[in-house]
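**Q** Top to bottom, those sequences are chains A and B.
Taking numbering that gives the first Met the number 0, the leading residue of the first sequence gets 0, the next gets one more, and so forth.
Taking numbering that gives the first Met the number 0, the leading residue of the second sequence gets 0, the next gets one more, and so forth.
Glycine included, each C-beta is placed from N, C-alpha and C at the ideal position.
2 protein chains.
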Amino acid sequence: MTARLAAFLAPHSVALVGCPSDLSRPGARVLVFLQKHAYSGRIYPVNPRHGTIGGLAAYPTLADLPERPDVVWIGVPGVEVEAVLTEAAQLKIPGAVILTAGFGETDAAGRKREETLRRIADEAGMTVLGPNMLGFINCWDRVPLTFSPAGGLDRLIPGALGVASQSGALGGVVVNRAFDRQIGVSAMISTGNELGVTVSECLEYFADDPRTRAVALVAEGIRDGERFKGAAARLLDAGKALVALKLGRSSTGRRNALTHTGALAGSHDAFRAVARQLGIVEAETFEELVEIGGFLSREQRAPTRGIGVLTTSGGASIMTADHLETRGFRLPRLAGTTVAALGRILPEYARTRDNPVDVTAGLSETLFEQALATLVGDPGIDAVVTSVTGARGVERAENVARVARAAAKPVLVCWLGGSLTSEGIAVLDGHGVPCFVNPRTAALALTAARDVSEARRRRRGAAARPGRQVAAPPGRLDYRGLSALARRAGVPLTPEALVATPREAVRAARRLGFPVALKVIADDLAHKTEAGAVAVDLPDARAVERAARRMLASTRRHRVEGLLVQRMVRGIEVLAGVTRDATFGPLLVVGAGGVQAELLADTASRPLPVTRADVTAMLGEVRALAVLQGYRGRAPADVRALAGALLGVAWIAQVLGDRLVGLDVNPIIVSDRGAFAVDLLVEIDEPIRSRGVARFDRIGGRPSRRRAR
Amino acid sequence: MTARLAAFLAPHSVALVGCPSDLSRPGARVLVFLQKHAYSGRIYPVNPRHGTIGGLAAYPTLADLPERPDVVWIGVPGVEVEAVLTEAAQLKIPGAVILTAGFGETDAAGRKREETLRRIADEAGMTVLGPNMLGFINCWDRVPLTFSPAGGLDRLIPGALGVASQSGALGGVVVNRAFDRQIGVSAMISTGNELGVTVSECLEYFADDPRTRAVALVAEGIRDGERFKGAAARLLDAGKALVALKLGRSSTGRRNALTHTGALAGSHDAFRAVARQLGIVEAETFEELVEIGGFLSREQRAPTRGIGVLTTSGGASIMTADHLETRGFRLPRLAGTTVAALGRILPEYARTRDNPVDVTAGLSETLFEQALATLVGDPGIDAVVTSVTGARGVERAENVARVARAAAKPVLVCWLGGSLTSEGIAVLDGHGVPCFVNPRTAALALTAARDVSEARRRRRGAAARPGRQVAAPPGRLDYRGLSALARRAGVPLTPEALVATPREAVRAARRLGFPVALKVIADDLAHKTEAGAVAVDLPDARAVERAARRMLASTRRHRVEGLLVQRMVRGIEVLAGVTRDATFGPLLVVGAGGVQAELLADTASRPLPVTRADVTAMLGEVRALAVLQGYRGRAPADVRALAGALLGVAWIAQVLGDRLVGLDVNPIIVSDRGAFAVDLLVEIDEPIRSRGVARFDRIGGRPSRRRAR
């Protein structure tokens with residue numbers, strides 16, 4: 000499948016429809032750019048009013064061309080697009096780039112026009128980019144088939160960073176900024192309304208493209224969630240990092256994502272869940288996207304032991320340490336031999352000879368190089384960040400580059416000045432040494448390398464683990480069905496017994512151990528608490544018997560199946576559930592019990608299926624679940640049992656498949672030994688009844704408003 | 000006091016000690032820079048081995064100079080500094096800049112050498128900058144008395160941004176970056192080890208300096224917390240924003256702050272508390288520091304109603320809306336007249352004519368200017384952000400600048416390309432139009448303007464409110480003393496009664512209303528729960544009587560003052576306290592009750608004294624206290640009563656003054672009507688006993704481990 004995009008991006012011939020003969024007009028850009036960069040294929044301007052354009056023979060229509068071109072560029076006004084595409088389809092031209100805007104991103108009429116285009120393309124089996132984007136730039140093969148000014152830059156720098164962007168303008172921004180830093184790009188593909196090619200298909204292409212080592216993505220909304228997840232996983236498996244600038248986080252942003260390229264923006268939370276699972280690095284600015292993407296396109300080693308820092312200023316030392324340590328990196332003490340060697344190099348007044356090493360601004364270039372090489376040689380560190388201040392220029396940069404290229408570990412440079420330092424930075428950029436203009440981005444780049452590597456490890460672990468295959472239970476899910484399903488899923492339920500009489504309830508309570516909760520089970524009893532059908536914290540036999548009699552009396556007119564006696568369990572309350580995202584499908588959600596998860600959105604989520612490593616990572620993301628680690632001398636909670644229960648919850652959702660609308664386990668109670676699901680609520684889509692709500696709820700612990708509804 | 004720094008920064012004559020005759024050597028930089036920028040005062044190189052240096056007469060010693068210079072530059076090796084400073088003191092030279100490093104930032108011997116210098120300077124009443132910094136640059140008066148390469152830039156751009164930095168290297172970085180963006184600087188002062196002049200004094204100077212409109216600060220640690228708070232308040236009152244890049248957030252960062260300039264870094268939380276109170280804007284990178292500082296040096300108006308956004312790309316629209324809305328700005332619908340006017344300007348396919356307005360990339364320069372002017376004229380918005388993509392250059396920039404300069408509201412530009420856009424950006428920079436290279440920083444700049452303006456409003460409100468003056472109670476604080484103090488402070492206590500017998504306890508409970516808590520008061524009873532001296536949730540008379548008998552029996556051997564009966568109060572638990580920061584003094588701390596405040600550091604703090612507006616802002620900062628606003632249909636909590644109680648807690652701390660070590664109220668229980676302090680613990684420094692702990696605790700609600708200690 001990625002072969003079609005590979006062929007599309009390296010056409011042997013292109014036809015340009017809508018290219019004016021006046022090359023100073025914007026519409027002629029694509030021709031100007033192709034000629035400027037000496038595109039090696041054949042270019043056919045199509046224009047009925049001119050014999051030659053830009054020194055090339057022009058043809059009145061596509062049918063008049065001397066050969067069938069590989070790609071047609073369509074830059075005509077909106078009303079003419081359909082006719083051009085139809086002609087191209089009839090001529091069996093395999094690919095089209097539709098620059099023109101005013102389709103699906105506008106209104107219902109525009110969406111209809113776009114549907115017509117899609118039908119034409121699909122029927123002809125054409126590969127179509129657009130409409131409403133700025134084309135693509137293939138840097139390796141020198142094909143700037145684009146309206147973006149980036150195509151007119153003096154030099155296209157071929158390299159290892161792939162760029163996919165729904166917005167053509169922003170794709171061009173990425174290319175321009177990457178080239179400014181000498182970061183080579185394999186190809187930039189803008190996809191616009193994604194009539195044909197989506198960013199997901201671009202990611203698949205980059206995963207297979209041997210010239211691409213990392214990908215920068217600018218996306219407003221993902222149209223094909225399943226394909227996107229697959230493509231991101233394919234990149235991860237191929238050892239290629241994906242850095243994403245995801246737009247549409249705010250409500251207006253999302254509204255505009257809808258009007259802009261017609262993409263369903265989905266919830267940003269769901270995108271983030273996918274990102275966390277598949278090691279997608281989220282960038283907030285173009286600087287981050289380009290510098291981190293560029294770094295990961297050249298560097299795949301992730302530090303695990305510790306970082307060595309060497310600076311020319313105490314302030315830079317502190318700043319660099321701040322940004323690294325707040326992101327969880329260690330700056331270990333250096334080996335004695337390293338400190339001793341530095342002592343021989345550094346002047347008397349440069350007292351900070353341990354990590355960070357502050358060599359001061361006055362050190363000679365030779366000694367600076369020696370100090371850096373010494374630090375790089377320390378056995379306890381596996382990456383070095385050096386923060387350079389001031390205007391030392393080309394000589395320092397050459398020396399740093401020499402050390403960096405010889406090093407067996409990543410060496411990152413932060414050069415903190417402004418214009419005074421641009422010469423030095425350009426030298427490092429030219430040598431391909433990762434250079435940042437602030438320590439924050441350097442720390443983010445290392446964080447990205449670590450996160451991608453951890454995601455890869457989690458995924459490898461998952462592949463080794465066989466999945467449990469169980470058929471979904473047929474028909475409507477009742478109390479017993481759900482209960483059985485939970486047991487099969489390995490979701491531990493509170494110790495309990497279903498009994499018929501107050502006397503049996505007392506016996507069961509004695510067996511289970513006091514205190515207990517008591518609850519009437521009746522399928523026509525919706526609001527148990529209000530009906531007096533729930534009692535909790537019953538301390539002794541007398542209380543159980545009394546409560547049982549009262550409850551049975553008050554629910555006489557219902558279809559009572561029995562009394563459920565449950566042992567009260569104590570511990571930390573965890574909320575788990577599965578929701579369905581319109582784009583990315585079912586997501587497992589975990590939070591702390593109580594109101595905080597809801598009020599503060601303090602939850603973690605992952606698309607299904609999840610692995611044990613995913614679940615463990617999720618528990619680490621929920622702030623309020625820090626209590627699981629133990630606090631004020633309490634024993635840590637049984638996180639292993641909790642993770643098992645959560646995997647069981649995810650498994651139930653998978654077994655129910657498309658029938659599942661939503662699933663809530665609120666709470667799971669986790670003690671220092673074991674985790675118990677106390678209340679389970681499943682909402683399913685019934686094939687016959689329009690939407691049935693099967694409810695399986697269990698009461699224990701303290702009743703909450705939510706559980707008691 | 001700031002007059003001395005004003006005079007120091009504009010010397011009529013300078014002596015340079017330690018300036019080599021070879022001007023290519025680094026030590027001669029200061030002379031080269033002064034001459035390059037045509038310093039208008041007199042320069043006296045002091046060097047016993049040379050008759051002329053840089054074309055100027057050199058003198059063997061300071062005593063040989065033809066006049067007493069205003070400032071002496073000391074760039075000699077460490078061992079010679081003391082002698083030079085001594086000579087300067089004897090000659091009554093009023094100011095000195097000590098470049099040399101190797102003093103307080105190194106070790107005990109270095110600290111001792113620095114103390115000697117301090118004594119010399121203090122006795123002579125000298126104004127001293129340094130040691131261990133790079134001097135200062137006064138741009139208005141062209142005095143680049145500095146070792147920083149920034150002093151050698153081709154042009155010093157005088158302007159409204161003051162720069163204070165403990166690190167000389169980082170101060171130079173700020174100046175270089177500001178000039179790169181045509182942001183004028185009034186002066187850059189680096190303070191190093193702050194033997195004399197501290198950054199706080201620099202802030203005072205900038206507050207009084209009429210040429211400074213905003214200040215950028217780089218600080219590792221504040222040495223004079225009280226003076227710093229005063230200086231920041233002075234800036235705020237003068238209508239000048241302070242943007243701070245605060246280093247030393249991580250443990251290694253703090254350790255290095257200590258070794259670097261010997262500053263006590265203090266906790267970053269305390270700095271943040273001061274920042275929140277006094278509207279100090281925290282920057283994370285130099286880009287933020289310079290762009291936000293530069294913006295605020297030219298723009299003091301803060302948007303309150305809504306922001307209008309105009310872009311040339313749908314992607315840029317979404318990105319800009321994201322960054323503004325996630326920071327709480329509204330993008331309101333535009334007025335009908337505005338939308339209609341835009342409709343006449345924009346092409347058919349540019350469908351997004353409401354806020355954000357996407358004019359698309361193809362619009363002509365004239366129409367772009369008209370569209371921008373139209374949006375600026377909308378009555379419902381009070382700031383405009385325009386995001387420009389692509390390579391449109393000088394003409395567009397000139398047009399935007401014309402609209403921006405004519406506008407009665409701030410117009411911010413984001414120009415999102417790379418090198419392709421630098422020409423346009425330079426034009427805007429030249430016109431002083433705030434221009435950003437990503438929408439995030441533009442949004443941060445507007446956020447900063449809003450935060451500063453809100454801090455100013457809070458402070459004005461505080462000035463109008465008279466303080467309550469009450470003398471501190473003398474002697475040791477016992478139970479009754481603290482209780483009385485809490486009442487006088489307006490901290491509402493749980494309804495309660497102190498009684499002697501079980502029968503009286505029942506009567507009191509009937510009066511207070513069930514359920515109640517019961518507690519033995521005895522000053523020799525440390526662990527009440529373990530001693531069986533606490534009972535909660537007693538539902539009726541029988542339970543109260545039984546508990547009272549049992550408790551009195553079990554505490555027979557203690558010095559029992561009586562039984563405290565308290566009505567149980569229900570509501571949201573809030574934790575409040577006062578801690579003492581080594582740098583900034585007492586801080587009021589507020590968090591949610593329970594373990595989360597401690598585990599997640601989910602607290603807000605402010606230095607004392609606090610205003611009601613401060614306290615209200617604090618409650619908004621604690622994530623877990625979002626419950627106060629009401630949730631799941633519950634009524635909002637009585638935030639007014641809670642704020643009153645917190646003000647009372649702060650007042651107690653102020654009355655206790657320096658005697659206070661720590662104060663804990665845990666919890667305050669807030670319902671929809673009222674707030675009650677349930678447990679109050681005060682630790683004070685006794686004049687006689689080394690440290691006495693006076694404890695005043697009250698039990699209600701559910702007992703927690705902490706309260707039950």
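Assign residue 533/A to buried or exposed, taking buried as 16 or more other Cβ atoms, counted over all protein chains shown, within 10 Å of its Cβ.
**A** Residue 533/A is buried by the Cβ-count criterion.
**Q** Could you check whether residue 190/B and residue 184/B sit closer than 8 Å to each other, using their CB atoms as the reference points?
**A** Not in contact: residue 184/B and residue 190/B (Cβ atoms no closer than 8 Å).
**Q** Given a cut-off of 8 Å, decide if residue 652/A and residue 585/A are closer than it, judged by their beta-carbon atoms.
**A** Contact: yes.
**Q** What are the residues that DSSP puts in a beta bridge with residue 434/A?
**A** Answer by DSSP bridge pairing, in chain order: 412/A.
**Q** With a threshold of 8 Å between beta carbons, is residue 446/A in contact with chain B?
**A** Not an interface residue.
**Q** Between the segment 271-288 of chain B and chain A, which residues of the former have a C-beta closer than 8 Å to a C-beta of the latter?
**A** From the segment 271-288 of chain B, only 283, 284, 285, 286 have a Cβ closer than 8 Å to chain A.
**Q** What are the partner residues of residue 187/A, as DSSP defines its beta bridges?
**A** For residue 187/A, which the question treats as bridged, DSSP gives the partners 136/A, 162/A.
**Q** Taking only beta-carbon positions, decide if residue 318/B is within less than 8 Å of chain A.
**A** Answer yes: the Cβ-Cβ gap between residue 318/B and chain A drops below 8 Å somewhere.
**Q** Taking a Cβ distance cut-off of 9 Å, strictly less, list which residues of the segment 23-39 of chain B are near chain A, in chain order.
**A** Going along the segment 23-39 of chain B in chain order, one finds 25 with a Cβ nearer than 9 Å to chain A.
**Q** Residue 549/A touches chain B at which residues, Cβ-Cβ below 7 Å?
**A** Under the 7 Å cutoff, chain B gives no residues; its nearest Cβ is about 18 Å from residue 549/A.
**Q** When you check each C-beta in the segment 174-186 of chain B against every C-beta of chain A, which residues fall closer than 9 Å?
**A** Listed by position along the chain: 174, 175, 176, 177, 178, 179, 180.
**Q** How is the beta strand (DSSP E) around residue 43/B delimited, first residue to last?
**A** Note, residue 43/B: beta strand (DSSP E), 41-45.
**Q** What are the start and end residues of the alpha helix (DSSP H) that includes residue 178/B?
**A** It spans 167-179 - the alpha helix (DSSP H) in which residue 178/B sits, taken as one unbroken run.
**Q** Which same chain residues, not among the five before or five after residue 628/A, have their C-beta less than 7 Å away from its C-beta?
**A** Result list for residue 628/A: 635, in chain order.
**Q** Alpha carbon to alpha carbon, how far is residue 223/A from residue 582/A?
**A** Each residue's alpha carbon lies about 7 Å from the other.
**Q** Assuming residue 98/B is part of the beta strand (DSSP E), what are its boundary residues?
**A** Neither: residue 98/B is in no beta strand (DSSP E) and is coded neither H nor E.
**Q** Work out the CA separation of residue 447/B and residue 15/A for me, nearest whole Å.
**A** Straight-line Cα distance between these residues: approximately 49 Å.
**Q** Any residues in the segment 61-74 of chain A with a beta carbon nearer than 9 Å to a beta carbon of chain B? Which ones, in chain order?
**A** Under the 9 Å Cβ criterion, the segment 61-74 of chain A contributes no residue.
**Q** Which residues bound the beta strand (DSSP E) around residue 560/B?
**A** Its beta strand (DSSP E) spans residues 559-566.
**Q** Near residue 47/B, which residues of its chain fall below 8 Å by C-beta distance, leaving aside the five closest residues on each side in sequence?
**A** Cβ neighbours of residue 47/B beyond the five flanking positions: 59, 60.
**Q** What does residue 250/B reach in chain A if we use C-beta pairs closer than 8 Å?
**A** Correct list: 324.
**Q** Would you report the Cα separation of residue 323/B and residue 146/A, rounded to the nearest angstrom?
**A** Whole-angstrom Cα-Cα distance: 29 Å.
**Q** Pick from 63/B, 35/B, 380/B: whose alpha carbon is nearest that of residue 43/B?
**A** Out of 63/B, 35/B, 380/B, 63/B has the C-alpha closest to the C-alpha of residue 43/B.
**Q** List in chain order: all unbroken alpha helix (DSSP H) runs of 4+ residues lying wholly within the segment 305-336 of chain B.
**A** Here the runs fully enclosed are 313-324.
**Q** Where DSSP assigns a beta bridge to residue 661/A, which residues make up the other side?
**A** 682/A, per the DSSP bridge assignment.
**Q** Check residue 239/A in the structure and name its three-state DSSP category.
**A** DSSP places residue 239/A in coil when its eight states are reduced to three.
**Q** What is the residue span of the alpha helix (DSSP H) that residue 106/A lies within?
**A** No alpha helix (DSSP H) contains residue 106/A, which DSSP labels as neither H nor E.
**Q** Could you tell me the distance, in whole angstroms, from the CA atom of residue 524/B to the CA atom of residue 552/B?
**A** Straight-line Cα distance between these residues: approximately 14 Å.
**Q** Using three-state DSSP, classify residue 705/A as helix, strand or coil.
**A** Note that residue 705/A scores a pLDDT of 33, beneath 50, so its modelled location is shaky; the value from the coordinates is reported in the next line. Note: residue 705/A maps to coil in three-state DSSP.
**Q** Can you tell me which of the three DSSP states residue 694/A falls into?
**A** Unreliable placement is indicated for residue 694/A, whose pLDDT of 40 sits below 50; no coordinate value is reported for it.
**Q** Pull out every residue of the segment 413-440 of chain B whose Cβ sits closer than 7 Å to any Cβ of chain A, in chain order.
**A** Those residues of the segment 413-440 of chain B that come within reach of chain A (Cβ to Cβ, closer than 7 Å) are 415, 416, 417, 418, 419, 437, 439.
**Q** Check whether the Cβ of residue 505/B lies closer than 8 Å to any Cβ atom in chain A.
**A** So, not an interface residue.
**Q** Along chain B, in chain order, which residues have C-beta atoms closer than 8 Å to that of residue 311/A?
**A** Chain B residues near residue 311/A: 168.
**Q** Determine the contact status of residue 311/B and residue 370/B, defining contact as a CB-CB distance below 8 Å.
**A** Taking 8 Å as the Cβ cut-off, residue 311/B and residue 370/B do not qualify as a contacting pair.
**Q** Looking at chain D, which residues of the segment 655-688 of chain B have a Cβ within less than 8 Å of any of its Cβ atoms?
**A** Looking for chain D here will not work: the only protein chains present are A and B.
**Q** Could you tell me whether the Cβ atoms of residue 286/A and residue 437/B are closer together than 8 Å?
**A** Cβ distance < 8 Å, so residue 286/A and residue 437/B count as in contact.
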